[in-house]
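Working notes, beginning with the structure itself.
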Amino acid sequence: VAQMIKNLPQCSRPRFNPRLLCASLFLDASVPGLLIVEKIQNIGEQGHISLLGHSLGAYISTLDKEKLRKLTTRILSDTTLWLCRIFRYENGCAYFHEEEREGLAKICRLAIHSRYEDFVVDGFNVLYNRKPVIYLSAAARPGLGQYLCNQLGLPFPCLCRVPCNTVFGSQHQMDVAFLEKLIKDDIERGKLPLLLVANAGTAAVGHTDKIGRLKELCEQYGIWLHVEGVNLATLALGYVSSSVLAATKCDSMVLTPGPWLGLPAVPAVTLYKHDDPALTLVSGLTSNKPADKLRALPLWLSLQYLGLDGIVERIKHACQLSQRLQESLKKVNHIKILVEDELSSPVVVFRFFQELPGSDPGINATPAPSAAPSAVGRERHSCDALNRWLGEQLKQLVPVSGLTVMDLEVEGTCMRFSPLMTAAVLGTRGEDVDQLVACVQSKLPVLTCTLQLREEFKQEVMATAGLLYVDDPNWPGIGVVRYEHANDDKNSLKLDPEGEKIHAGLLKKLNELESDLTFKMGPEYKSMKSCIYIGMASDDIDVSELVETIAVTAREIEENSRLLENMTEVVRKGIQEAQVQLQKANEERLLEEGVLRQIPVVGSVLNWFSPVQASQKGRTFNLTAGSLESTEHTYVYKVQGSGVTPPQTPIGTRTKQRLPGQKPFRRSLRGSDAISETSSVSHIEDLEKMEQLSGGQEASEANSPERHPGAPAPREAEPPGAPQDGAQGLQDDHLQVEEPESLR
Numbered sequence: 001v002a003q004m005i006k007n008l009p010q011c012s013r014p015r016f017n018p019r020l021l022c023a024s025l026f027l028d029a030s031v032p033g034l035l036i037v038e039k040i041q042n043i044g045e046q047g048h049i050s051l052l053g054h055s056l057g058a059y060i061s062t063l064d065k066e067k068l069r070k071l072t073t074r075i076l077s078d079t080t081l082w083l084c085r086i087f088r089y090e091n092g093c094a095y096f097h098e099e100e101r102e103g104l105a106k107i108c109r110l111a112i113h114s115r116y117e118d119f120v121v122d123g124f125n126v127l128y129n130r131k132p133v134i135y136l137s138a139a140a141r142p143g144l145g146q147y148l149c150n151q152l153g154l155p156f157p158c159l160c161r162v163p164c165n166t167v168f169g170s171q172h173q174m175d176v177a178f179l180e181k182l183i184k185d186d187i188e189r190g191k192l193p194l195l196l197v198a199n200a201g202t203a204a205v206g207h208t209d210k211i212g213r214l215k216e217l218c219e220q221y222g223i224w225l226h227v228e229g230v231n232l233a234t235l236a237l238g239y240v241s242s243s244v245l246a247a248t249k250c251d252s253m254v255l256t257p258g259p260w261l262g263l264p265a266v267p268a269v270t271l272y273k274h275d276d277p278a279l280t281l282v283s284g285l286t287s288n289k290p291a292d293k294l295r296a297l298p299l300w301l302s303l304q305y306l307g308l309d310g311i312v313e314r315i316k317h318a319c320q321l322s323q324r325l326q327e328s329l330k331k332v333n334h335i336k337i338l339v340e341d342e343l344s345s346p347v348v349v350f351r352f353f354q355e356l357p358g359s360d361p362g363i364n365a366t367p368a369p370s371a372a373p374s375a376v377g378r379e380r381h382s383c384d385a386l387n388r389w390l391g392e393q394l395k396q397l398v399p400v401s402g403l404t405v406m407d408l409e410v411e412g413t414c415m416r417f418s419p420l421m422t423a424a425v426l427g428t429r430g431e432d433v434d435q436l437v438a439c440v441q442s443k444l445p446v447l448t449c450t451l452q453l454r455e456e457f458k459q460e461v462m463a464t465a466g467l468l469y470v471d472d473p474n475w476p477g478i479g480v481v482r483y484e485h486a487n488d489d490k491n492s493l494k495l496d497p498e499g500e501k502i503h504a505g506l507l508k509k510l511n512e513l514e515s516d517l518t519f520k521m522g523p524e525y526k527s528m529k530s531c532i533y534i535g536m537a538s539d540d541i542d543v544s545e546l547v548e549t550i551a552v553t554a555r556e557i558e559e560n561s562r563l564l565e566n567m568t569e570v571v572r573k574g575i576q577e578a579q580v581q582l583q584k585a586n587e588e589r590l591l592e593e594g595v596l597r598q599i600p601v602v603g604s605v606l607n608w609f610s611p612v613q614a615s616q617k618g619r620t621f622n623l624t625a626g627s628l629e630s631t632e633h634t635y636v637y638k639v640q641g642s643g644v645t646p647p648q649t650p651i652g653t654r655t656k657q658r659l660p661g662q663k664p665f666r667r668s669l670r671g672s673d674a675i676s677e678t679s680s681v682s683h684i685e686d687l688e689k690m691e692q693l694s695g696g697q698e699a700s701e702a703n704s705p706e707r708h709p710g711a712p713a714p715r716e717a718e719p720p721g722a723p724q725d726g727a728q729g730l731q732d733d734h735l736q737v738e739e740p741e742s743l744r
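Numbered according to UniProt numbering, the sequence shown spans residues 1 to 744.
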């Protein structure tokens, strides 16, 4: 290749830097394009080598046909030989393809041509007389069976889904005994068992089927055995488990060296064994076109760049990361690991679970069968929500770990760590695994504390008037609550504008408290009404104070909103009533003064001789009490009347004083052994003194007789010999000085 490039004309030689080329491709793109440039710049030299292979393939295609045929044949044969030796697949052929599932579709065509000799002539009639059957595991990749039927033109009844073990063995392994029963039933019905797809590392949890037993079954009934899975990468290591090593005896397998080795734009490879080149050509596994053979060029360059030691080192590093995470998570409480083989599994799947009372945490991590189905399902959804929250938190805190969140049918929501598919691309190291474990340990107190407070929160909400507990199992927080206002229609699912307004104000007030809790507003589960969603609790929260604060705040917002809504009508009626009273008072004044005083000249003379002491009368409107009052008191005493005492703002009966620096909804630290001797004790003593002082003042005020606010305090009997005049004057002056201070 280097000699070919050297012989090219000077103007056509490839002079470019792959980084500059990628930057020029995305220079005028939007912001997402610029982010792609950053990822391309971090792919490493081996990534640039594989990208260079695509450019070299375009240059090689310009050679004359004879040289091109020899060069492409050499590249294809060398790459096939290297892959077969590295992954212990003797005397195999290789098919390179971009789509990972494309190789399996070609293998199915090859199996059809091999079992149906007249398929080339009769076509579908042969398949109609004896329908083929393709067996897939229930743990296979989603959509694989539908893809095969679409590519082969077969109806869906040609697929047979084999269930996994339910009693013995892993619940993600194919049930071999049930498979044999299905094969016998299909043969009795006149069908032809064609192909079996086994897993060497399922797509979900990385479990491996019993490939050795499946191979014996396929040889007995003449079925083509195809194996795929991430665990096939361990065939390049020195030590391989017996279950994975049995895959070397299968009829075909699919390898994905791109993710395993961190190589971008590298094709997937299907290794197969077949002796008839004509059938492989008809099936599309081989081709005489040089362009098809050049697909192996990027992988050919990358394998030479890495070498055997580099390939083994990358795969070994990924397996060591998995083992490191397994060993660390075994020491963490409330974490369950779903691992089939702890010694060789390159995939780690774990989840958070809650230990049930009276059960073994290592065995029983699911609800008891005696529990009600609704309760079991609700607990399952609740635990799934917590695991989903934990997975999202870990993905944000340690993005280089490549952690993914998935939903399993039996276990529920779990987190998967598969370094074989992500470590080479993301550059995951052992320190990242340690950081991941540390983040798991830091989040466990939040999860356990939230679980402990959920039931208490539910009971407090149900016992509080005006609040409705909303059971939303998909919310990973303390709970969901809704305030029921006076006009709330419980049976209606329509939009509630008044309720939305109250909940919006409540959410604003709660967020202004600056507590450790997070509050959100959203629609009720299976409803369109607004609710308050309370997030995770990181510390011991006083649930009673939290619930009462929500109820009191919502009630205040509702009363304030009602006051504002009724203000216009109240003011309008008050003005009309004031006008009527003023008109009536004016008529009474005319009757008192007489008619002569209303005549302009006579009235002035009469008022000069006998003036009338008329008081200025008006009306003032008390918005709080909603009543009219006379202004006579204002003009006489120069102060406004108190009127009707406004209703007190509702306050919580459990409202307590907080220590300096203590955030809302925290439980009191009294009785705790973890109190600091320098700060916490002094704060608690101050708080106790304040409570005693306030309690003493309230008791003295309650026992003292009522007196006028401006009257002096009564003096006690003075002992004989006490000063009478001078000391008394000084005391009076001192009291006169203190009274304005207290009033101020």
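Glycine is no exception: its CB is placed at the ideal position from the N, C-alpha and C atoms.
The region 134-144 / the region 155-167 touching (three or more Cβ pairs under 8 Å): yes
Would you say the region 499-506 touches the region 550-564, given that touching needs at least three Cβ pairs under 8 Å? yes
Given A291 as reference, the closest of G212, W389, Y59, V339 once Cα atoms are compared: One-based indexing of the sequence shown puts residue 291 at position 291. When only C-alpha atoms are compared, the closest one is Y59.
Rounded to whole angstroms, what's the CA-CA distance from V348 to R130? Just pull it up for me. As a first step, residue 348 is located in the sequence shown; it is residue number 348 there, counting from the start. As a first step, residue 130 is located in the sequence shown; it is residue number 130 there, counting from the start. Whole-angstrom Cα-Cα distance: 43 Å.
One or two residues paired with E629 in a DSSP bridge: Taking the sequence shown and counting its residues from 1, the one referred to as residue 629 is at position 629. Answer is T620.
Figure out for me which residue from L237, E219, R189, T248 has the closest Cα to the Cα of V227. Along the sequence shown, read from residue 1 onward, the residue named residue 227 stands at position 227. Nearest option by C-alpha distance: T248.
Judging by CA-CA distance, which residue of E548, E588, Y469 is the nearest neighbour of C531? Sequence index remark: in the sequence shown, residue 531 carries index 531 (1-based). Answer by Cα proximity: Y469.
Backbone secondary structure at S561 - three-state DSSP: In the sequence shown, counting from the first residue as 1, residue 561 sits at position 561. Three-state DSSP puts S561 in a helix.
Helix, strand or coil, according to DSSP, for A203 in the structure here? As a position in the sequence shown, residue 203 is number 203, starting the count at 1. Of the three classes helix, strand and coil, the one that applies to A203 here is coil, per DSSP.
What does the alpha-carbon distance come out to for the pair N231 and L127? For the purposes of this step, residue 231 is identified with residue 231 of the sequence shown, where counting begins at 1. For the purposes of this step, residue 127 is identified with residue 127 of the sequence shown, where counting begins at 1. Straight-line Cα distance between these residues: approximately 34 Å.
Checking 8 Å against the spacing of the C-beta atoms, do P419 and A318 come in under that value? Translated into the one-based positions of the sequence shown, residue 419 becomes position 419. Translated into the one-based positions of the sequence shown, residue 318 becomes position 318. Contact: yes.
In terms of alpha-carbon separation, which member of R416, Q396, Q459 lies closest to L329? Indexing the sequence shown from 1 puts residue 329 at position 329. Of the candidates R416, Q396, Q459, the one whose C-alpha sits nearest the C-alpha of L329 is R416.
If you draw a straight line from the C-alpha of E411 to the C-alpha of C383, how long is it? Mapped onto the sequence shown, residue 411 falls at position 411. Mapped onto the sequence shown, residue 383 falls at position 383. Going from the Cα of E411 to the Cα of C383 covers about 10 Å.
Going by DSSP, what residues sit across from residue 745 in a beta bridge? Residue 745 cannot be examined here, being either before or after the span of the chain that is shown, 1 to 744.
Just to confirm, is the Cβ distance from R115 to V176 under 8 Å? Sequence index remark: in the sequence shown, residue 115 carries index 115 (1-based). Sequence index remark: in the sequence shown, residue 176 carries index 176 (1-based). Not a contact, by the Cβ cut-off of 8 Å.
Check whether V433 and L325 have beta carbons under 8 Å apart: Position 433 of the sequence shown, counted from the start, is the residue given in the question as residue 433. Position 325 of the sequence shown, counted from the start, is the residue given in the question as residue 325. Cβ atoms of V433 and L325: closer than 8 Å.
List the residues that DSSP assigns as beta-bridge partners of M421. Here residue 421 refers to the residue found at position 421 of the sequence shown. Partner(s): none; M421 has no beta bridge.
Might you give, ordered along the chain, the residues of its own chain that have their beta carbon closer than 8 Å to the beta carbon of C439, omitting 5 neighbours on each side? Here residue 439 refers to the residue found at position 439 of the sequence shown. So the list reads Q393, L394, L397, V398, once near-sequence residues are dropped.
Using the three-state DSSP reduction, which class does I311 fall into: helix, strand or coil? What you label residue 311 is simply residue 311 of the sequence shown in a count that begins at 1. Of the three classes helix, strand and coil, the one that applies to I311 here is helix, per DSSP.
Residue range of the alpha helix (DSSP H) that R115 falls in? The residue you call residue 115 lines up with position 115 of the sequence shown. In the DSSP assignment, R115 falls within the unbroken alpha helix (DSSP H) covering 102-115.
For Y239, does the count of other Cβ atoms within 10 angstroms reach 16, so buried, or fall short, so exposed? Your numbering for residue 239 matches position 239 in the sequence shown. Its Cβ having fewer than 16 others within 10 Å, Y239 is exposed.
Does the ligand SAM have a heavy atom nearer than 7 Å to the CB of A291? Because no ligand of any kind appears in the structure shown, any question about the ligand SAM cannot be addressed here.
For L148, count neighbouring C-beta atoms within 10 Å of its own C-beta (all shown protein chains included) and say buried if the count is 16 or more, exposed if not. Locating residue 148 in the sequence shown gives position 148, where the first residue counts as 1. By the 10 Å Cβ count, L148 comes out buried.
Less than 8 Å between the C-beta atoms of V547 and E460, yes or no? In the sequence shown, residue 547 corresponds to position 547, counting from 1. In the sequence shown, residue 460 corresponds to position 460, counting from 1. Their beta carbons are under 8 Å apart, which means V547 touches E460 by this criterion.
For a test of the three-state rule: what should DSSP assign to G402, helix, strand or coil? Reading the sequence shown from its first residue, position 402 is the one you call residue 402. DSSP, reduced to helix, strand and coil, places G402 outside both helices and strands of the structure shown, so it counts as coil.
Taking the alpha carbon of K65 as the reference point, which residue from D251, S242, K289 has its own alpha carbon closest? For this step, residue 65 is matched to residue 65 along the sequence shown. Checking every option, the nearest Cα to that of K65 belongs to K289.
Where does V240 sit, in a helix, a strand or coil, going by DSSP? Numbered from its first residue, the sequence shown carries residue 240 at position 240. Three-state result, V240: coil.
DSSP on H334, reduced to helix/strand/coil? Here residue 334 corresponds to residue number 334 of the sequence shown, with the count starting at 1. Correct three-state label for H334: coil.
Whole-angstrom C-beta distance between M174 and A200, which should lie under 8 Å: By one-based count along the sequence shown, residue 200 stands at place 200. By one-based count along the sequence shown, residue 174 stands at place 174. Contact doesn't hold; Cβ gap of about 12 Å is too wide.
Buried or exposed for D251, please, with buried defined as at least 16 other CB atoms from any protein chain shown within 10 angstroms of its CB. Position 251 of the sequence shown, counted from the first residue, corresponds to residue 251. Buried, since its Cβ has 16 or more Cβ neighbours within 10 Å.
Helix, strand or coil: how does DSSP classify T270 here? Sequence index remark: in the sequence shown, residue 270 carries index 270 (1-based). T270 falls in the strand class under three-state DSSP.
Give me the Cα-Cα distance between S442 and S544, rounded to the nearest whole angstrom. By one-based count along the sequence shown, residue 442 stands at place 442. By one-based count along the sequence shown, residue 544 stands at place 544. The straight-line gap from Cα to Cα measures roughly 26 Å.
Can you tell me which of W608, F178, V480, L299 puts its alpha carbon nearest to the alpha carbon of L51? Counting from one through the sequence shown, the residue named residue 51 turns up at place 51. Closest by C-alpha distance to L51, out of W608, F178, V480, L299, is L299.
Would you kindly report the start and end of the unbroken beta strand (DSSP E) that includes R454? To locate residue 454, count along the sequence shown from 1; it is residue 454. In the DSSP annotation of this structure, R454 is not part of any beta strand (DSSP E); the continuous alpha helix (DSSP H) holding it starts and ends at 430-463.
Should M567 be labelled buried (16 or more other beta-carbon atoms within 10 Å of its own) or exposed? In the sequence shown, the residue the question calls residue 567 occupies position 567. It is exposed - the Cβ of M567 has fewer than 16 other Cβ atoms within 10 Å.
Just to check my reading of the structure: S302 and I49 have Cβ atoms closer than 8 Å, yes? What is that Cβ distance to the nearest angstrom? Position 302 of the sequence shown, counted from the start, is the residue given in the question as residue 302. Position 49 of the sequence shown, counted from the start, is the residue given in the question as residue 49. Right, their Cβ atoms sit about 6 Å apart.
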